[in-house]
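**Q** If you read the protein sequences in the order shown, they are chains A and B. With this note's numbering applied, the first sequence has no gaps in its numbers, which climb one by one up to 203 at the end. With this note's numbering applied, the second sequence has no gaps in its numbers, which climb one by one up to 406 at the end.
There are 2 protein chains.
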Amino acid sequence: MLLPGPIQDLVNAFSRLPGIGPKTASRLTFYLLRSNDDLAGDLAEALQNLKSGTTYCQNCFNITTAGRSECEICASDDRDAGIICVVEEPLDVLALERTGAFPGRYHVLHGALSPIEGIGPDDLRIRELLDRLRSGEVKEVILATNPSMEGDYTAAYLQQQIRPLGVRITRLARGLPVGGDLEYADQNTLLRALAGRQDMSQE
Amino acid sequence: MLLPGPIQDLVNAFSRLPGIGPKTASRLTFYLLRSNDDLAGDLAEALQNLKSGTTYCQNCFNITTAGRSECEICASDDRDAGIICVVEEPLDVLALERTGAFPGRYHVLHGALSPIEGIGPDDLRIRELLDRLRSGEVKEVILATNPSMEGDYTAAYLQQQIRPLGVRITRLARGLPVGGDLEYADQNTLLRALAGRQDMSQE
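Written out as structure tokens, the structure is:
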């Protein structure tokens, strides 16, 4: 059976989202069709405001409300301007903020270097990062790119670029995830956990 | 960290969809923010057209394109008007159509009887079903409500109502799902599979 056009259109649009297959897409569509409150309308409105209502922070390139030049974190006096945490995506900022343990500011690269996909240093916010570091205010850069091939490559490239500036460079620790199981840990994670083992005899 | 308003609005709207938690909602939102093609715009448009572009078939109450009085199945001469399959939701029609094995037409109740939730016979399309059956054209009614408490209750109620009309009444078979595992089947399913066991000695 062919679905009516407007329904098929929405199923197709939902299917283009990551992690949503055709079955979930039609389940969502029929849910919206049945819902009494105007969830479909609310969603449509939120989607339309998404890009027009947001912009990038001129300092760290995190997402912020349109009309502001700086994001909340860069604008806050409570954050330590001496430490910058470099991440790939705005969602990574969110994940780190959830820990509540990072006192500094961020720099969002908007991607990672990937020779295969043709993403070079000029496609990322690397020049802007180096400019920030040259201002002299920053004492430490935490490279928090993803623990993937591209993320590691990006961190290595940044290390090379930042080293002449005399800023301390650190990278997030690798090892076993909390709550994980040694038995199911993959080889590379175990290798990293072994290489990065911490001394308990001094404690 | 507080998310910028337009982002939080979309995360909230996505979170109201079934099966989408706050984490998936923010993943989808940031995906849309990053995507170069106008997926957010396409989604918004499809959502706005959803309710305005669809209506219910006057015959079977399945969803159809706005401006049509009958759905494709009711309008088709290839479908057997002598068999009606009664389902709870339009999605159930889709599931049965995927099998390609049903030659008849449908009747969508839009729900199931539920004394607990206060859903009675007048809240469903039961009167319209009985009217269709009284026309005399229909030889068999397949009760394909869900194999749940509400679905079974609805089927029993319909059976009572339809019996005086002299139409053959059937119910979809219960038993072990194809590809399932006897070991993991729940007690009720096994009970049904036992009670409905089929004779192989005559084959």
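Ideal Cβ placement from N, Cα and C applies to all residues, glycine included. Owing to the predicted nature of the structure, the values given are computational and were not obtained by experimental measurement.
Step through the CB atoms of chain B and report whether any lies within less than 8 Å of the CB of residue 51(A).
**A** Position 51 of the first sequence holds residue 51(A). Chain B, which has a Cβ nearer than 8 Å to the Cβ of residue 51(A), makes this yes.
**Q** Closer than 9 Å, Cβ to any Cβ of chain B: which residues of the stretch 129 to 155 of chain A, in chain order?
**A** none
**Q** If we cut at 8 Å on Cβ distances, does residue 267(B) have a partner in chain A?
**A** The count along the second sequence starts at 1 and reaches residue 267(B) at position 64. Chain A contact via Cβ: present.
**Q** Of all the CB atoms in chain B, is at least one closer than 8 Å to the CB of residue 163(A)?
**A** For the purposes of this step, residue 163(A) is identified with residue 163 of the first sequence, where counting begins at 1. For residue 163(A), the answer is no, since every Cβ of chain B falls outside 8 Å of its Cβ.
**Q** At 7 Å on the CB atoms, spell out the chain B contacts of residue 44(A), in chain order.
**A** Within the first sequence, numbered from 1, the residue matching residue 44(A) stands at position 44. 247, 250 and 251, listed in chain order.
**Q** So which residues of chain B does residue 89(A) contact, with C-beta pairs closer than 8 Å?
**A** As a working note, residue 89(A) is residue 89 in the first sequence. Those within 8 Å of residue 89(A) in chain B are 233 and 237.
**Q** Which residue's Cα is closest to the Cα of residue 346(B): 283(B), 395(B), 281(B) and 308(B)?
**A** Position 143 of the second sequence holds residue 346(B). For the residues 283(B), 395(B), 281(B) and 308(B), the minimum Cα distance to residue 346(B) belongs to 308(B).
**Q** Using 8 Å as the threshold, is the stretch 278 to 286 of chain B in touch with the stretch 37 to 52 of chain A, meaning 3 or more CB pairs across them?
**A** no
**Q** Listed from N- to C-terminal order along the chain, which residues in the stretch 108 to 122 of chain A have their beta-carbon within a distance smaller than 7 Å of any beta-carbon of chain B?
**A** none
**Q** Starting from residue 85(A), trace the beta strand (DSSP E) in both directions and tell me its first and last residue.
**A** Within the first sequence, residue 85(A) is the residue found at index 85, counting from 1. 80 to 87 is the extent of the beta strand (DSSP E) around residue 85(A).
**Q** Name the chain A residues whose beta carbon is nearer than 7 Å to that of residue 219(B)?
**A** Here residue 219(B) corresponds to residue number 16 of the second sequence, with the count starting at 1. Per Cβ cutoff of 7 Å: 39.
**Q** Within a Cβ cutoff of 6 Å, which residues of the same chain sit near residue 103(A), ignoring the five residues on either side of it in sequence?
**A** The count along the first sequence starts at 1 and reaches residue 103(A) at position 103. Once the five neighbours on either side are set aside, the close Cβ partners of residue 103(A) are 80.
**Q** Please list the segments of the beta strand (DSSP E) lying wholly inside the stretch 232 to 298 of chain B, counting only runs of 3 or more residues, in order along the chain.
**A** 257 to 259, 266 to 268 and 283 to 290
**Q** Could you give the distance in angstroms between the alpha-carbon of residue 83(A) and the alpha-carbon of residue 108(A)?
**A** Your numbering for residue 83(A) matches position 83 in the first sequence. Your numbering for residue 108(A) matches position 108 in the first sequence. Looking at the two C-alpha atoms, the distance is approximately 14 Å.
**Q** So which residues of chain B does residue 54(A) contact, with C-beta pairs closer than 8 Å?
**A** As a first step, residue 54(A) must be located in the first sequence, where it is residue number 54. Correct list: 207, 209, 210 and 236.
**Q** Could you spell out the range, first to last residue, of the alpha helix (DSSP H) harbouring residue 210(B)?
**A** Against the second sequence, residue 210(B) aligns to sequence position 7. Run containing residue 210(B): 208 to 218, per the alpha helix (DSSP H) assignment.
**Q** So, for residue 315(B): in the same chain, excluding its five sequence neighbours on each side, which residues have a beta-carbon less than 8 Å away from its beta-carbon?
**A** Working through the second sequence from its first residue, we reach residue 315(B) at position 112. Closer than 8 Å at Cβ, skipping near neighbours: 291, 322, 327, 348, 349, 351, 353, 354, 356 and 357.
**Q** Quick one: residues in its chain with C-beta nearer than 6 Å to the C-beta of residue 70(A), no 5 flanking neighbours on either side, listed in chain order?
**A** Looking up residue 70(A) in the first sequence gives position 70. Only residues of its own chain outside the window of five on either side were considered, and among them 57 and 59 have a CB closer than 6 Å to the CB of residue 70(A), listed in chain order.
**Q** Is there a Cβ from chain A that is less than 8 Å from the Cβ of residue 297(B)?
**A** Reading the second sequence from its first residue, position 94 is the one you call residue 297(B). At least one chain A Cβ lies under 8 Å of residue 297(B).
**Q** Answer with buried or exposed for residue 404(B), where buried requires no fewer than 16 other C-beta atoms within 10 angstroms of its C-beta.
**A** What you label residue 404(B) is simply residue 201 of the second sequence in a count that begins at 1. The residue is exposed, with fewer than 16 neighbouring Cβ atoms inside 10 Å.
**Q** How about residue 371(B) and residue 342(B): are their beta carbons less than 8 Å apart?
**A** For the purposes of this step, residue 371(B) is taken as the residue at position 168 of the second sequence. For the purposes of this step, residue 342(B) is taken as the residue at position 139 of the second sequence. Yes. Within cutoff.
**Q** When DSSP labels each residue in this structure, what does residue 377(B) get in the three-state scheme?
**A** The count along the second sequence starts at 1 and reaches residue 377(B) at position 174. Looking at residue 377(B) - three-state DSSP - the assignment turns out to be coil, as it is neither helix nor strand.
**Q** Less than 8 Å between the C-beta atoms of residue 207(B) and residue 49(A), yes or no?
**A** Position 4 of the second sequence, counted from the first residue, corresponds to residue 207(B). Position 49 of the first sequence, counted from the first residue, corresponds to residue 49(A). Their beta carbons are not under 8 Å apart, which means residue 207(B) does not touch residue 49(A) by this criterion.
**Q** Would residue 361(B) and residue 296(B) qualify as a contact pair, given that the criterion is a beta-carbon distance under 8 Å?
**A** The residue labelled residue 361(B) in the question sits at position 158 within the second sequence. The residue labelled residue 296(B) in the question sits at position 93 within the second sequence. In this structure, residue 296(B) does not lie closer than 8 Å to residue 361(B) by Cβ.
**Q** Closer than 7 Å by beta-carbon distance: list the chain B residues that pair up with residue 10(A), in chain order.
**A** Here residue 10(A) corresponds to residue number 10 of the first sequence, with the count starting at 1. Per Cβ cutoff of 7 Å: 249, 250 and 253.
**Q** Run through the DSSP bridge pairs and tell me what residue 106(A) is partnered with.
**A** On the first sequence, residue 106(A) is found 106 positions in, with the first residue counted as 1. 85(A), per the DSSP bridge assignment.
**Q** List the residues that DSSP assigns as beta-bridge partners of residue 372(B).
**A** Looking up residue 372(B) in the second sequence gives position 169. BP columns for residue 372(B) point to 344(B).
**Q** Mind pulling the chain B residues with CB within less than 8 Å of residue 26(A)?
**A** The count along the first sequence starts at 1 and reaches residue 26(A) at position 26. Neighbours of residue 26(A) on chain B, chain order: 294 and 297.
**Q** Between residue 173(A) and chain B, is any beta-carbon pair separated by less than 8 Å?
**A** Looking up residue 173(A) in the first sequence gives position 173. Output row for residue 173(A): interface = no.
**Q** In three-state terms, what does DSSP make of residue 162(A)?
**A** Here residue 162(A) is taken as the residue at index 162 of the first sequence, counted from 1. The three-state reading of DSSP puts residue 162(A) in helix, counting H, G and I together.
**Q** Any C-beta of chain C sitting closer than 8 Å to the C-beta of residue 185(A)?
**A** Here chain C cannot be found, since the structure's protein chains are A and B.
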